[in-house]
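Have a look at the structure below, then the notes.
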Amino acid sequence: MEARIVSIEQQLQSLVQVQKLLVAVLGSATSFSLPAGFEFKKVLSDWDGQASRVQSSVSEAQEELLADEKVPEVTVEEIHDSGIATPVEQPTTEELEKLASDILDVLQRYGKHLAPPDGDHSAGWIGKPLFVEKVMQQLEKNQPIRMILPAFPWKSINKVDKVTGILPDLGEELALARLNQMCEDIRVVYPLGGEVHIATDGMVFDDVVGIPDEDTWAYSEGLMDIVRKRGYESHIKLMRVMDILGHTAGRTLDKELYLSLTQQCREELLASFGRTEEEVREMMREDSDTLLTYCGFIRFLESDLRHSEVSKTATSGQKFRKCVKKVAINMMIRAESFTKLLQAKCPDYVRLSIHPSTGAVKLSVPLIVTGTGEFPRTPWHSSVALAVDGSYSTVHSKSVRDTHVLVARDDDAATPHFFREKSELWDWEDADVVFEPLYPNRLVVRPRRGVEAKSLSEEQIEKLAKLRAVHTAGPVEVVGFANAAAAAAAAAA
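Read the sequence shown against the working numbering and you will find it ends at 493, with the numbers running on by one and no gaps.
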């Protein structure tokens, strides 16, 4: 139809051009003679005939266009049913199951589980079959693989023996980087990758252990600052209790709104999803993973509560132990209530955990890979210690004060960042040079922020070579100096 209309337009344009030519000739000539046998009537007749044919073609085209406008629209389903179009072939159940298994194999590489009762590790992750169906459901929806991780509550209240402040430090940076890399690795087998939704549970517990809501807010904001600066937004999402309960839909959650909702959300959580103390004790008797979580609470509370207002009336060892057990049970009640909330609101997510487990119902993920290979402490209950060889350990600050140096953030000298093993190999760090540990075990040597890039001296390059020789856990990179490339090459020689 479009081609026919174009042809008609071209014919009309030809007629118009002929008409203009005749007018021009006749209008400008003072006299002219006609050839013998010329019949003027025949010329006019031919002209009228051609114009009539063009007009007829235009009329027919208009009628066809009007008829086309009256044809009802055809849906995609009707086209498929007619056989005109071949539908996109959907993956079979077997193909989805294979892809789900491959994705879970990626996750399993990041997991670490306790030995099963029979001590047989040959079966791998015993909880894997539980999650195949969940992953298949997400594949059918053509969405990133969503995982949920209750974690990152706040920094321990014990600022004397365990941690160095209330804000995230190198431990959280390494942990978030590992979770982000896990999501990136899923892309290798599934282009949409993964998303870790961190269900930050600080508000669930902070009043029980004596941590102010303001500190919990500051910690979570520090986490999001790392996510934004490192570019992890597409893989890591932060969910607070009020988000999960639906109290922030269409609203910007700022500090004022957060503080106004905390107590309301705690009460709603316990009223709607709470378990009784007897139910929790029964769970510990029947489920080894629940008992492991309770024992973990006991261990950290024995050190944390010594620096909390919660235990100020416990004047004897016996009273203190009684206080610890009471708080631990209350935390278990809150934790199981929070678990029920997540099961109700996020039933299709793959459940991750920062607690050691058998792997029967969740994937236990160490957030920091240590030099010993053991399941590490969480970054909010420990400090990170960097060894000269580039390996990490999660320690209580009191245990490394004599052997390590506390290093502050490069951009904020008042904020502690990590502990570094004492060694002369670091002694060329000064006002111009900084050593920055990055995930997984990289060490970047660069100028301090705000300092003009200079050249490394021959002496510094010699020390760089010695540091590289012992930093076996990962590469040592030199960036930002005027002679960075030459220095790196010389140090590697």
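Beta carbons are placed, not taken as given, at the ideal position from N, Cα and C, and that holds for glycine.
Spatial neighbours of S303 in its own chain (CB-CB distance under 7 angstroms, excluding positions within 5 residues in sequence) are listed in chain order as N158, D161, K162. If you draw a straight line from the Cα of L245 to the Cα of P347, it comes to about 14 angstroms. P153 is a Cβ neighbour of D201, given a cutoff of 8 angstroms. A straight line joining the alpha-carbon of S393 with that of L386 spans about 7 angstroms.
A465: member of the alpha helix (DSSP H) spanning 458–470, first to last residue.
Distance from T290 to M283 at the Cβ level is roughly 5 angstroms; contact confirmed, criterion being Cβ atoms closer than 8 angstroms. DSSP places G359 in the coil class of the three-state scheme, outside both helix and strand. Here the C-alpha atom of E462 lies approximately 18 angstroms from the C-alpha atom of G480.
For P129, the uninterrupted alpha helix (DSSP H) segment begins and ends at 128–140. Here V476 is bridged, per DSSP, to L443. Distances from the CA of W428 to each of T415, P440, P447 were compared; the closest alpha carbon is that of P447. Under the three-state reduction of DSSP, A175 is assigned to helix. Apart from sequence neighbours up to five positions away, no residue of its chain approaches S272 with a beta-carbon distance below 6 angstroms. Checking the DSSP bridge columns, you'll see E436 partnered with V444. Counting along the chain, V384 sits inside the beta strand (DSSP E) bounded by residues 383–386.
For F300, same chain residues with a beta-carbon under 6 angstroms away, outside a window of 5 residues either side, are H381 in chain order. Distance from the Cα of K322 is smallest, within the candidate group I298, K345, E309, for I298. Only residues of its own chain outside the window of five on either side were considered, and among them G193, G194, E195, V196, H235 have a CB closer than 7 angstroms to the CB of C183, listed in chain order. Under DSSP, F418 forms a beta bridge with V407. Judged by DSSP secondary structure, S353 falls outside any alpha helix (DSSP H) and instead within the beta strand (DSSP E) spanning 350–353. H355 is a Cβ neighbour of G296, given a cutoff of 8 angstroms.
CA-CA distance, T415 to L174, rounds to 17 angstroms. For L149, the pairing in a beta bridge is given by DSSP as I198.
Taking the Cα positions, Q318 is about 52 angstroms away from R468. Non-local C-beta neighbours of L114 in its own chain, meaning closer than 6 angstroms and more than five positions away in sequence, comprise P356, T358, ordered along the chain. The stretch 121–135 makes contact with the stretch 96–104: 3 or more CB pairs, one atom from each, lie closer than 8 angstroms. N142 counts as exposed, since fewer than 16 other beta carbons sit within 10 angstroms of its beta carbon. Annotated three-state conformation of K237 is strand, per DSSP. Annotation for S303: no beta strand (DSSP E) segment contains it, though the alpha helix (DSSP H) segment containing it runs 288–304. Cβ-Cβ distances below 8 angstroms link Q137 to D348 in the same chain, with the five nearest sequence neighbours on each side left out; the list follows chain order.
Membership of T394 in the beta strand (DSSP E) is indicated by the continuous run 392–395. Rounded to the nearest whole angstrom, the CA to CA distance from M203 to V227 is 20 angstroms. When the alpha-carbon of L438 is set against those of R240, A408, E477, the nearest one is in E477. When the alpha-carbon of V361 is set against those of T339, V405, T370, A151, the nearest one is in T339. Taking a C-beta distance under 8 angstroms as the contact criterion, F320 and S308 do not qualify as a contact pair.
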